[in-house]
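Just so you know, the sequences run in chain order L and C.
Residue numbers for the first sequence follow numbering that gives the first Met the number 0, so the first one is 0 and each next one is one higher.
Residue numbers for the second sequence follow numbering that gives the first Met the number 0, so the first one is 0 and each next one is one higher.
Even for Gly, the Cβ is constructed at its ideal location relative to N, Cα and C.
Below you'll find the structure, written out as structure tokens, and then a few comments.
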Amino acid sequence: MARLPKLQTQFIPILATLATFLLLGLMGSLRYTGFLSPGVFLNLVDDNAFLGIAAIGMTFVILSGGIDLSVGSVIGLTSIVSATLVEKHHVPPGVVIPLVLALGTLLGAGMGALIRFFELAPFLVTLAGMFLARGIALMISLESIQLTNPFYQAVSAFRVPLGGALGLPANGLVFLGVLGFGIYLASYTRFGRNTYALGGSDSSALLMGLPVGRTKIGVYALSGFCSALAGVVYTFYTSSGNASAAGGLELDAIAAVVIGGTLLSGGSGYILGTWLGVLILGMIQTAISFENTLSSWWTKIIIGGLLFAFIVIQRSVIRPSSKTA
Amino acid sequence: MNSIASVLLQMNGIQKSFPGVLALDQVNFALRPGEIHTLMGENGAGKSTLIKVLTGVYPVDSGEIILHGNRIEPRSPADAQRAGISTVYQEVNLIPSLSVAENIFLGRQPFRKGLLSPFKILDWAAMKSGAEAALLRLDLRLDVTLRLDSHSIAVQQMVAIARALDVSAQVLILDEPTSSLDVDEVKQLFQVMRRLRDQGLGILFVSHFLDQVYEISDRITILRNGKLIGTYKASELPRMELIAKMMGKELADFESAAMAAPRRVTGADLPQAEVERSPKTLLKVQGLGKLGSLAPVHLEMKKGETLGLAGLLGSGRSELARLLFGIDRADEGRIELSGSQQSEGLSLSSPRDAVQAGFALIPEDRKTQGIFPDLSIRENLILAFQAKKGWFKTLDLKAQYALVEHYIKAIGIVAASPEQAIKTLSGGNQQKVILARWLASQPQLLILDEPTRGIDVGAKAEIQKLIVSLCQQGMAVLFISSELEEVVRVSERVVVLKDHRKIGELKGTEISEHAIMNAIASHSDPELAAAGTSATGASGGGGS
Numbered sequence: 000m001a002r003l004p005k006l007q008t009q010f011i012p013i014l015a016t017l018a019t020f021l022l023l024g025l026m027g028s029l030r031y032t033g034f035l036s037p038g039v040f041l042n043l044v045d046d047n048a049f050l051g052i053a054a055i056g057m058t059f060v061i062l063s064g065g066i067d068l069s070v071g072s073v074i075g076l077t078s079i080v081s082a083t084l085v086e087k088h089h090v091p092p093g094v095v096i097p098l099v100l101a102l103g104t105l106l107g108a109g110m111g112a113l114i115r116f117f118e119l120a121p122f123l124v125t126l127a128g129m130f131l132a133r134g135i136a137l138m139i140s141l142e143s144i145q146l147t148n149p150f151y152q153a154v155s156a157f158r159v160p161l162g163g164a165l166g167l168p169a170n171g172l173v174f175l176g177v178l179g180f181g182i183y184l185a186s187y188t189r190f191g192r193n194t195y196a197l198g199g200s201d202s203s204a205l206l207m208g209l210p211v212g213r214t215k216i217g218v219y220a221l222s223g224f225c226s227a228l229a230g231v232v233y234t235f236y237t238s239s240g241n242a243s244a245a246g247g248l249e250l251d252a253i254a255a256v257v258i259g260g261t262l263l264s265g266g267s268g269y270i271l272g273t274w275l276g277v278l279i280l281g282m283i284q285t286a287i288s289f290e291n292t293l294s295s296w297w298t299k300i301i302i303g304g305l306l307f308a309f310i311v312i313q314r315s316v317i318r319p320s321s322k323t324a
Numbered sequence: 000m001n002s003i004a005s006v007l008l009q010m011n012g013i014q015k016s017f018p019g020v021l022a023l024d025q026v027n028f029a030l031r032p033g034e035i036h037t038l039m040g041e042n043g044a045g046k047s048t049l050i051k052v053l054t055g056v057y058p059v060d061s062g063e064i065i066l067h068g069n070r071i072e073p074r075s076p077a078d079a080q081r082a083g084i085s086t087v088y089q090e091v092n093l094i095p096s097l098s099v100a101e102n103i104f105l106g107r108q109p110f111r112k113g114l115l116s117p118f119k120i121l122d123w124a125a126m127k128s129g130a131e132a133a134l135l136r137l138d139l140r141l142d143v144t145l146r147l148d149s150h151s152i153a154v155q156q157m158v159a160i161a162r163a164l165d166v167s168a169q170v171l172i173l174d175e176p177t178s179s180l181d182v183d184e185v186k187q188l189f190q191v192m193r194r195l196r197d198q199g200l201g202i203l204f205v206s207h208f209l210d211q212v213y214e215i216s217d218r219i220t221i222l223r224n225g226k227l228i229g230t231y232k233a234s235e236l237p238r239m240e241l242i243a244k245m246m247g248k249e250l251a252d253f254e255s256a257a258m259a260a261p262r263r264v265t266g267a268d269l270p271q272a273e274v275e276r277s278p279k280t281l282l283k284v285q286g287l288g289k290l291g292s293l294a295p296v297h298l299e300m301k302k303g304e305t306l307g308l309a310g311l312l313g314s315g316r317s318e319l320a321r322l323l324f325g326i327d328r329a330d331e332g333r334i335e336l337s338g339s340q341q342s343e344g345l346s347l348s349s350p351r352d353a354v355q356a357g358f359a360l361i362p363e364d365r366k367t368q369g370i371f372p373d374l375s376i377r378e379n380l381i382l383a384f385q386a387k388k389g390w391f392k393t394l395d396l397k398a399q400y401a402l403v404e405h406y407i408k409a410i411g412i413v414a415a416s417p418e419q420a421i422k423t424l425s426g427g428n429q430q431k432v433i434l435a436r437w438l439a440s441q442p443q444l445l446i447l448d449e450p451t452r453g454i455d456v457g458a459k460a461e462i463q464k465l466i467v468s469l470c471q472q473g474m475a476v477l478f479i480s481s482e483l484e485e486v487v488r489v490s491e492r493v494v495v496l497k498d499h500r501k502i503g504e505l506k507g508t509e510i511s512e513h514a515i516m517n518a519i520a521s522h523s524d525p526e527l528a529a530a531g532t533s534a535t536g537a538s539g540g541g542g543s
């Protein structure tokens, strides 16, 4: 009996996330017909795929006790580089996509290396990365470039048939794939567990002989990869490349991670929680659009309120363990 | 008979210098298998440096480390661990937010076998049973799936030891492991240490507590100022001689000094009559308590009196200090301060109020609650003074220096300059700066929570002397310490706490270590014992 409350404390944030998710779904379906239909749900997954992929990368960074502000800019850079190479230089997509993924990963690894070797604050390094990536993207093209390549058209139109008129779009599929891989990485690999350890206490992790430096760089490389992949998904989603795409998306990703129950101080959280967090953000957006009369800025207000609530919940979870006799 | 031939670890002519300091000077050290070997020395003697050299944190300048006949050159703690040297530190260096099982296996987790998958998958079930087995080696049974920080510090330390052993250690270094444990927990740890020694492990132990050192050690090596003084059999080294060697004094000098030192303020310095003639009550505490923290306590303190608070770790000593200083808000009771004519008593709802009322608290945890490590001695020192004065009334630099110089001299802070960052000082000197900080605000009541923890014997004696002289100047001191011997020496009255309530008060000649222990031992309240929090939880965890 005595162990039950202890177990619960660590699960409070994720349970709160789940409760919020269910409550939103319930409220939505009571108010609007068709809110919880499979079609709306599939749209939710599809519409938020690029945010979700970036947020899963961000979850690893936050679990390790860091932050990555470059996410949105890397998406913009990836999308414009892809579009330019494909449309202007006629490089086949089969070459372009691996190339931009490598580019994002390298950028992330570079920032991770700076953070590791010069012991710099992640906030500042990734802030610099954010300006750098966005600047390069805008140098390449100020105009948005339409993607007419048949491959991109085909991917946009692709659906995994789910019976009836329903189908899971490619973007949603990539999102779910990243989710599965993220869960595997976080819970079933040494890299994932080292990430948790790093966020729990990096000095202890070092003294325990864990590969702290390698993990740190790996986490930022992973986030860079996820951002680039999100950028690729963005080009599928919009059939275009745009240097100013996803401005400020890193902040939405951070919000999704925190609402998903990951402690901003690192060391505790779940990938699945982030997935729920992303869906919660998407659901709020859907609800606002169902409510025709409301301004879409209400989305931000509600997300703000939710964030406050979740930060308070996090505080209450951290407190008991910091109490000493 | 284990002759010199069976040496597990040999360190020869170890030399290590830092800019301006020769930290280790031609130090030799030998550890045999199946022995507990204690490293002793004052702060700055080179104990930590020797351990850090051994565990690969620092490279040596010259000298060699031989483990099992092979020369090793560990470059990192991980390197040393692979070679078979594991360390458990005073602060538990594990990940509090992960489970016990995971902490034991981090970095070397087993993978699931027989899976037809391109990916390797961690085997959580094997980790759970492996962790249980590793803890069983220490005779410890606990739920390894719980978060590490849901267990007491003592259990966390055992987990750290279990991890160290499971990595297949031949040499186990325990660096001040007992500092944050209570008596029962120390016993439990010692049982484990003896068990491991009997299994043939070489244990290198570091502790400031003499009683513990003599209880557990087979041999003792003494360092002083980076030099090896010698290695002795614990049974053949009298305590006085050990202390004398650590302090670098001749035994005879030391004994005469100890005789001359005032045993107690009332006994030696102030005539008994004078104390009784001036029983000016400074402070009356009536029924001060807080649910779940401290049962209502009555206390009275006179001007110029040292009141000792004795009790086991977790008995409510620190809680009382926190209530008095307004850090925690009391549910009930009141504090009356003489001079202030408030009949309804003082309401201390924050430390700020307490400072205004003339209270000062030196908290238990110097590193996290006391010092601002990157600020200079001067800046650390004037903080409380400034706070009392008001933040906008500036104190010119000249006056600041005068103040700092005064205290550096008055209480003997050893520092190169007032502008030296406080983190570069030794523990004892840091504590003196904190003491000076509060003295500068001229408090009426000084609350000292474990002021001598983790500082060396010499500095300890100086701080004790300082307390006595402060009382002579009319300051009242509430003295909290885990070391009974110290409480007895310093206090004129002793309040004994147990299980979060006051169980007795001793004064004058009644005070002795024996009397205090007797009070704690004889007072048993089954109902309370069942409700006891940290102490019972820990012993229950190990005894089951």
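Candidates the options: closest to residue i by CA position
i, options, result
"C/A29", "C/N11, C/M39 and C/L21", "C/N11"
"C/P73", "C/V56, C/S98, C/A460 and C/L382", "C/V56"
"L/M138", "L/G163, L/N241, L/G198 and L/F224", "L/N241"
"L/D251", "L/A286, L/I302, L/L263 and L/L172", "L/I302"
"C/R452", "C/S128, C/L483 and C/S440", "C/L483"
"C/G288", "C/E331, C/D138, C/R111 and C/Q399", "C/E331"
"L/G260", "L/S239, L/S315, L/A48 and L/L102", "L/S315"
"L/G75", "L/G246, L/G166 and L/G65", "L/G246"
Reduced DSSP category for residue i - H, G, I as helix; E, B as strand; rest coil
i, result
"C/I479", "strand"
"C/S16", "strand"
"C/T220", "strand"
"C/S549", "No answer is possible for residue 549 of chain C: it lies beyond the span of chain C, which begins at 0 and ends at 543."
"C/Q355", "helix"
"C/R162", "helix"
"L/A245", "coil"
Residue range of the beta strand (DSSP E) that includes residue i
i, result
"L/L62", "Careful: L/L62 lies outside any beta strand (DSSP E), inside the alpha helix (DSSP H) at A48 to L62."
"C/I410", "From DSSP, C/I410 is part of no beta strand (DSSP E); its letter is neither H nor E."
"C/M39", "E34 to M39"
"C/D448", "L444 to D448"
"C/L335", "Looking at the sequence itself, residue 335 of chain C is Glu, so the reference to Leu does not match. Residues E331 to L336."
Local Cβ density within 10 Å of residue i, reported as buried at 16 or more and exposed below that
i, result
"C/R238", "exposed"
"L/I300", "exposed"
"L/L275", "buried"
"C/E363", "buried"
"C/I437", "Checking the sequence shown, residue 437 of chain C turns out to be Trp, not Ile. When all chains shown are included, C/W437 counts as buried."
"L/H89", "exposed"
"C/I221", "buried"
"L/P325", "Nothing can be reported for residue 325 of chain L: it is not among the residues displayed for chain L, which extend from 0 to 324."
"C/Q430", "buried"
"L/A308", "exposed"
Residue i: first and last residue of the uninterrupted alpha helix (DSSP H) it sits in
i, result
"L/G107", "P92 to F116"
"C/Q285", "Segment T280 to K289 is the beta strand (DSSP E) holding C/Q285; no alpha helix (DSSP H) there."
"L/A132", "P121 to I139"
"L/P149", "P149 to A156"
"C/F204", "That residue, C/F204, is in no alpha helix (DSSP H); its beta strand (DSSP E) goes G201 to V205."
"L/R189", "R189 to G199"
Residues of the stretch 90 to 104 of chain C whose Cβ lies closer than 7 Å to any Cβ of chain L, in chain order:
Within the stretch 90 to 104 of chain C, the qualifying residues are N92, L93, I94, P95, S96, L97 and E101.
What residues in the stretch 203 to 226 of chain L have a beta carbon less than 9 Å from any beta carbon of chain C?
Contact residues of the stretch 203 to 226 of chain L toward chain C are S203, A204, L205, L206, M207, G208, L209 and P210 (C-beta to C-beta distance below 9 Å).
Can you give me, in chain order, the residues of the stretch 172 to 188 of chain L that have a beta carbon less than 7 Å from any beta carbon in chain A?
As a matter of chain content, chain A is missing from the structure shown, whose protein chains are L and C.
Residues in the stretch 279 to 299 of chain L having any Cβ partner in chain C nearer than 8 Å:
Within the stretch 279 to 299 of chain L, no residue has a Cβ that lies closer than 8 Å to any Cβ of chain C.
Closer than 7 Å, Cβ to Cβ, to anything on chain L: give me those residues from the stretch 135 to 151 of chain C, in chain order.
From the stretch 135 to 151 of chain C, only D142, L145, R146, D148 and S149 have a Cβ closer than 7 Å to chain L.
Give the residues from the stretch 107 to 121 of chain C that approach chain L closer than 8 Å (Cβ to any Cβ), ordered along the chain.
Residues Q108, F118, K119, I120 and L121.
Against chain C, which members of the stretch 259 to 270 of chain L pass a CB distance test of less than 9 Å?
Contacts with chain C (Cβ-Cβ distance below 9 Å) from the stretch 259 to 270 of chain L involve L262, G265, G266 and S267, listed in chain order.
Closer than 9 Å, Cβ to any Cβ of chain L: which residues of the stretch 65 to 80 of chain C, in chain order?
So the list reads S75, P76, A77, D78, A79 and Q80, given in the order they occur along the chain.
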